[in-house]
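Asks: Below you'll find the structure I mean.
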Amino acid sequence: ALPAHQPTVSTYYDYDALGRLQRTMDAQGYQTTYAYDANGNRTSRTDALGRITQYGYDPLNRLTRITQPDGGITELNYDSRDNLVSVKDPEGFTTQYTYNGFDDLIRQVSPDSGTTQYSQDPNGQLTTATDARNKTATYTRDDLGRVTQIGYGDETHTFTYDTAANGKGQLASFSDASGSTSYAYDPQGRLTQINRLIGSIALNSSQTYNSAGQLSQRTYPSGTSVSYGWNNGRINQIQVNGQLLLNNLQYSADGRILGWTWANGQSYRQPGDGNGRVAGLSLGNQSFTYRYDAVGNLTQQDPGSSALRNYGYDSMGRLTSAAIGTTQYGYSYDLNGNRTEKRTGTAVTTHTHDPNSNRLLNVAGNLNGSYSYDAAGNVVNAGANVYNNAGRIQRSKSG
């Protein structure tokens with residue numbers, strides 16, 4: 003049976019004499035606790051399953067070490083001006099940061115995206131960014147510091163402001179190699195129109211508001227119009243092209259949607275539990291019940307009339323197992339959270355990553371594939387994917 007809705011969502015907070023959060027407790031009594039050092043730095047967090055995350059600091063109270071529940075360690079280092087200069091992740095990959103005398107970031111060296119270099123104007127605003135492919139983006143700004151142009155060498159992105167209807171202080175238009183987009187606003191500064199032109203194709207959309215400032219209608223480039231009815235500040239009806247889609251929307255006291263009635267008269271319900279999570283759902287004669295563990299991970303879906311669906315997680319909250327009827331699934335990860343293996347029944351698919359980065363190199367099993375990258379970390383696969391200077395894919399082919 004569908005669980006009864008719990009109308010009250012409760013979270014309790016306990017503080018010590020210094021005003022530091024010591025404990026939280028949810029509606030089911032599950033607790034998360036925190037500990038601090040003599041300087042007030044948080045040193046640990048213990049969740050409701052007893053999993054501990056630990057934090058270490060240097061003599062200047064800067065966070066320098068995070069130890070995950072699975073044993074993975076992240077190390078952080080700083081310069082004499084408190085700028086973060088390196089982060090070493092749990093797999094041992096280090097990202098480095100370099101700054102100028104004004105503490106502006108001028109260089110980032112990443113195992114995944116290579117070396118990126120930055121320059122700034124006297125106001126500290128970004129003027130150029132050069133990626134590991136040696137492709138440079140050049141930024142131009144107006145007197146208010148707003149970006150008016152980004153030049154990539156092979157194309158230019160242009161932004162204009164203030165000239166749209168009722169658009170003082172607003173973005174008026176944007177253009178790039180693919181086309182242009184213009185915007186219009188109402189006297190209250192709300193967006194009312196977006197006109198896109200891609201080649202010779204016009205893709206226009208618009209939206210209107212009621213006297214209370216609530217969205218009343220949105221028209222999409224296809225011509226489809228969606229209208230919204232409101233009651234007491236909440237949507238209570240939706241129509242598509244003038245035809246009723248759903249109405250009688252019901253809400254909890256904190257604004258969560260609990261259900262509605264479809265145009266055909268069928269009722270949809272999704273009651274919540276005391277922690278604000280969906281406890282189940284029903285439509286017609288079909289219903290699902292959801293169950294969660296102490297930290298909020300979904301552990302079971304009960305369809306009532308068919309096989310249970312059970313889920314398991316590791317100490318980092320990552321899905322490690324799923325059982326749907328008689329079919330078993332399993333997943334493994336490295337310390338950075340990259341998937342290393344997927345198991346479906348007795349079939350195994352392995353994921354191999356670059357030993358010096360998080361880049362996926364090979365997938366072997368039921369599905370096979372290999373991946374290659376350019377210097378900036380874009381997947382190129384021996385020329386199958388081609389990117390422009392902005393790093394956006396221009397062309398892709400398979401086979």
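In the working numbering, each residue's number is its place in the sequence shown (first place is 1) plus 2.
Note that beta-carbon positions come from the ideal geometry of N, C-alpha and C, so glycine has one too.
Specify the secondary structure class of Met318 as computed by DSSP and reduced to three states.
Replies: coil
Asks: So the candidates are Arg293, His159, Gln119 and Tyr270; which of them puts its Cα closest to the Cα of Ala281?
Replies: Arg293
Asks: Would you check if the distance between the CB atom of Asp39 and the CB atom of Tyr59 is smaller than 9 Å?
Replies: yes
Asks: Please tell me whether Gly276 and Val11 are closer than 9 Å, where the distance is taken between their beta carbons.
Replies: yes
Asks: Quick one: which unbroken beta strand (DSSP E) runs of 3-plus residues sit fully inside the stretch 101-147? Chain order, please.
Replies: 107-112, 116-122, 128-132 and 138-143
Asks: Considering only C-alpha positions, which residue in the set Glu77, Leu173 and Thr55 is nearest to Tyr185?
Replies: Taking only the C-alpha atoms, the option nearest Tyr185 is Leu173.
Asks: Go ahead and pull the three-state DSSP assignment for Ser400.
Replies: coil
Asks: Which residue wins for smallest C-alpha separation from Gly74, given the options Pro92, Asn238 and Gly201?
Replies: Ranking Pro92, Asn238 and Gly201 by Cα distance to Gly74 puts Pro92 first.
Asks: What residue range is occupied by the uninterrupted beta strand (DSSP E) comprising Tyr80?
Replies: Ile75 to Tyr80
Asks: To the nearest angstrom, how far is the alpha carbon of Pro124 from that of Thr150?
Replies: When rounded, the distance between both Cα atoms is 18 Å.
Asks: Of the residues Leu246, Leu78, Asn364 and Gly332, which one's Cα is nearest the Cα of Ala349?
Replies: Gly332
Asks: Run the CB neighbour count on Gln137, radius 10 Å, all protein chains shown included, and call it buried at 16 or more, exposed below.
Replies: Reading off the sequence, residue 137 comes out as Lys, not Gln. So Lys137 ends up on the buried side.
Asks: In chain order, what residues of the same chain lie with their CB nearer than 6 Å to the CB of Arg413, ignoring the 5 residues before and after it?
Replies: The question about residue 413 has no answer here: the residues shown for the chain are numbered 3 through 401.
Asks: Tell me which same chain residues have a C-beta within less than 8 Å of the C-beta of Thr226, skipping the five on either side of it?
Replies: Val242 and Asn243
Asks: According to the Cβ coordinates, are Gln209 and Thr194 closer than 9 Å?
Replies: Closer than 9 Å, so yes.
Asks: For Asn338 and Met27, what's the separation of their Cα atoms in angstroms?
Replies: 29 Å
Asks: Report back the beta-carbon spacing between Tyr313 and Ala324 to the nearest angstrom; my notes put them in contact at under 8 Å.
Replies: Confirmed, Cβ separation roughly 5 Å.
Asks: Between which two residues does the beta strand (DSSP E) harbouring Gly225 extend?
Replies: Note, Gly225: premise wrong, no beta strand (DSSP E); not H, not E.
Asks: Check for me: the beta strand (DSSP E) holding Arg2 runs from which residue to which?
Replies: It is not possible to answer for residue 2, since the shown part of the chain is limited to 3 through 401.
Asks: What does the alpha-carbon distance come out to for the pair Ala29 and Arg109?
Replies: 47 Å
Asks: Roughly how many angstroms separate the alpha carbons of Tyr17 and Leu86, rounded to a whole number?
Replies: 30 Å
Asks: Let me know the secondary structure DSSP gives Gly261 once reduced to three states.
Replies: strand
Asks: Straight-line CA distance for Arg361 to Met318?
Replies: So the two alpha carbons sit approximately 21 Å from each other.
Asks: May I ask which residues mark the beginning and end of the beta strand (DSSP E) holding Leu173?
Replies: Leu173 to Asp178
Asks: If you compare alpha carbons, which of Arg258, Ser224, Thr129 and Ile326 is closest to Gln302?
Replies: Ile326
Asks: Buried or exposed for Gln272, going by 16 or more other Cβ atoms inside 10 Å?
Replies: Buried.
Asks: Assuming Leu78 contacts Leu65 under a Cβ cut-off of 8 Å, what Cβ separation, rounded to an integer in Å, is found between them?
Replies: 6 Å
Asks: Tell me the rounded alpha-carbon separation between Ser112 and Gln127.
Replies: 22 Å
Asks: I believe Thr55 touches Gln33 by the beta-carbon criterion, under 8 Å. Please report the beta-carbon distance rounded to the nearest angstrom.
Replies: Between Thr55 and Gln33, the beta carbon gap of about 15 Å keeps them out of contact (Cβ cut-off 8 Å).
Asks: With 16 other CB atoms within 10 Å as the buried threshold, where does Tyr187 fall?
Replies: buried
Asks: Can you name the residues that DSSP bridges to Thr328?
Replies: None; Thr328 has no bridge partner.
Asks: Is the separation between the beta-carbon of Asn238 and that of Leu251 shorter than 9 Å?
Replies: yes
Asks: Classify Thr421 as helix, strand or coil using the three-state DSSP reduction.
Replies: The chain is shown only over 3 to 401; residue 421 falls outside these bounds and no answer can be derived.
Asks: Below 8 Å on the Cβ atoms is my contact criterion, and I expect Ser254 with Pro5 to pass it. Report the Cβ-Cβ distance as a whole number of Å.
Replies: Not a contact, Cβ separation roughly 14 Å.
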